[in-house]
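Protein chains in written order, with UniProt numbering: chain A, 1 to 100; chain B, 1 to 100.
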């Protein structure tokens, strides 16, 4: 998932790279009410799994997607997207895999 | 994770490819008391995340590793390994990423 700005006093979103290889990065993100400050346009494909919590994600031209535990999707390179909601009442854990 | 034989009447382990690309395969595995029938020796690196449940994994020469939700590890190519236990009382969900 793209970086997202912390909203108000809820603290920073946590980003942790779990594995980095040429052409592959596996990242764990913990959100807690965070949303994207802007649209993101990435050079690489990204595959996202929502492990825990709940979120909504907008893909440009496709509307909003509701994500619960176990849901996953592919965000192809240069498909603009943003996180429009993550549950403010609990943590949301994402696994994001960026690859060439 | 490697294929594992079902033990007795507990039914088959579930394997589902979530994404397949050249040099990358993301797989979801659901175990329920399943263990590996033998050691596995793979040609590609494998990164494993235990999403839900509990398991134990043996890596040759390194002994047994206990895995709970959120635990992850890299199994380098040709490091022999086997699943020695998964919780028989609930399902265990793995995410396995095979990559070149």
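Built from N, CA and C at the ideal position, the CB exists for glycine as well. Remember, it's a predicted structure, so these values are computed and weren't measured experimentally.
Consider the Cβ of residue 15 (chain A): report whether some Cβ of chain B lies at a distance smaller than 8 Å.
-> To locate residue 15 (chain A), count along the first chain from 1; it is residue 15. No, residue 15 (chain A) lies away from the interface with chain B (no Cβ there is under 8 Å from its Cβ).
Quick one: measure Cβ to Cβ for residue 51 (chain A) and residue 51 (chain B), integer angstroms, because I've assumed they're closer than 8 Å.
-> Position 51 of the first chain, counting from 1, holds the residue named residue 51 (chain A). Position 51 of the second chain, counting from 1, holds the residue named residue 51 (chain B). At roughly 6 Å, the Cβ-Cβ gap stays under 8 Å, so residue 51 (chain A) and residue 51 (chain B) are in contact.
DSSP-derived helix/strand/coil call for residue 105 (chain A) | Beyond the ends of chain A as shown, which are 1 and 100, falls residue 105 (chain A); an answer cannot be given.
Mind the definition here: the stretch 76-95 of chain A touches the stretch 37-51 of chain A only if three or more C-beta pairs lie below 8 Å; say whether that holds.
-> yes
Note down the Cα distance separating residue 27 (chain B) from residue 89 (chain A), rounded to an integer number of angstroms.
-> Working through the second chain from its first residue, we reach residue 27 (chain B) at position 27. Working through the first chain from its first residue, we reach residue 89 (chain A) at position 89. Straight-line Cα distance between these residues: approximately 30 Å.
Check whether the Cβ atoms of residue 31 (chain B) and residue 86 (chain B) lie closer than 8 Å to each other.
-> Looking up residue 31 (chain B) in the second chain gives position 31. Looking up residue 86 (chain B) in the second chain gives position 86. Against a cut-off of 8 Å, the Cβ pair of residue 86 (chain B) and residue 31 (chain B) comes out as a contact.
Nearest to residue 96 (chain A) by alpha carbon, out of A:38, A:81, A:17?
-> As a first step, residue 96 (chain A) is located in the first chain; it is residue number 96 there, counting from the start. When only C-alpha atoms are compared, the closest one is A:17.
Does any CB atom of chain B fall closer than 8 Å to the CB of residue 29 (chain A)?
-> Mapped onto the first chain, residue 29 (chain A) falls at position 29. No, because no Cβ of chain B sits closer than 8 Å to the Cβ of residue 29 (chain A).
Hey, residue 57 (chain B) and residue 81 (chain B) are a contact pair by Cβ (cut 8 Å); roughly how many whole angstroms apart?
-> Reading the second chain from its first residue, position 57 is the one you call residue 57 (chain B). Reading the second chain from its first residue, position 81 is the one you call residue 81 (chain B). Contact flag correct, Cβ pair sits at about 6 Å.
For chain A, is any of its Cβ atoms less than 8 Å away from the one on residue 78 (chain B)?
-> Indexing the second chain from 1 puts residue 78 (chain B) at position 78. Answer no: the Cβ-Cβ gap between residue 78 (chain B) and chain A never drops below 8 Å.
Within the 8 Å Cβ cut-off, does residue 50 (chain B) reach chain A?
-> As a first step, residue 50 (chain B) is located in the second chain; it is residue number 50 there, counting from the start. Answer no: the Cβ-Cβ gap between residue 50 (chain B) and chain A never drops below 8 Å.
Quick one: is residue 19 (chain A) near chain B, going by C-beta distance under 8 Å?
-> Counting from one through the first chain, the residue named residue 19 (chain A) turns up at place 19. Chain B, which has a Cβ nearer than 8 Å to the Cβ of residue 19 (chain A), makes this yes.
8 Å Cβ cutoff, residue 75 (chain B) in contact with chain A = Locating residue 75 (chain B) in the second chain gives position 75, where the first residue counts as 1. Output row for residue 75 (chain B): interface = no.
Looking only at C-alpha atoms, which of A:62, A:40, A:33 sits nearest to residue 53 (chain A)?
-> Within the first chain, numbered from 1, the residue matching residue 53 (chain A) stands at position 53. Considering only alpha carbons, the answer is A:33.
Give the residues of chain A in contact with residue 65 (chain B), contact being defined as C-beta atoms less than 7 Å apart.
-> Along the second chain, one-based indexing puts residue 65 (chain B) at 65. Near residue 65 (chain B) there are no residues of chain A at all, since even the closest Cβ is about 16 Å away, more than 7 Å.
Thinking just about the alpha-carbon of each residue, which of A:93, A:94, A:60, A:68 is nearest to the one in residue 38 (chain A)?
-> Residue numbering aside, residue 38 (chain A) sits at position 38 when the first chain is read from its first letter. The candidate whose alpha carbon is nearest that of residue 38 (chain A) is A:60.
Own chain, CB closer than 6 Å to residue 19 (chain B), minus 5 neighbours either side, in chain order | As a working note, residue 19 (chain B) is residue 19 in the second chain. Only 26 meet the Cβ criterion.
Residues sharing a beta bridge with residue 86 (chain A), DSSP = Taking the first residue of the first chain as 1, we reach residue 86 (chain A) at position 86. Note: residue 86 (chain A) sits in a beta bridge opposite A:55.
Given that a residue counts as buried once 16 or more other Cβ atoms are within 10 Å of its Cβ, and exposed if not, what is residue 14 (chain B)?
-> For the purposes of this step, residue 14 (chain B) is identified with residue 14 of the second chain, where counting begins at 1. Residue 14 (chain B) should be labelled exposed.
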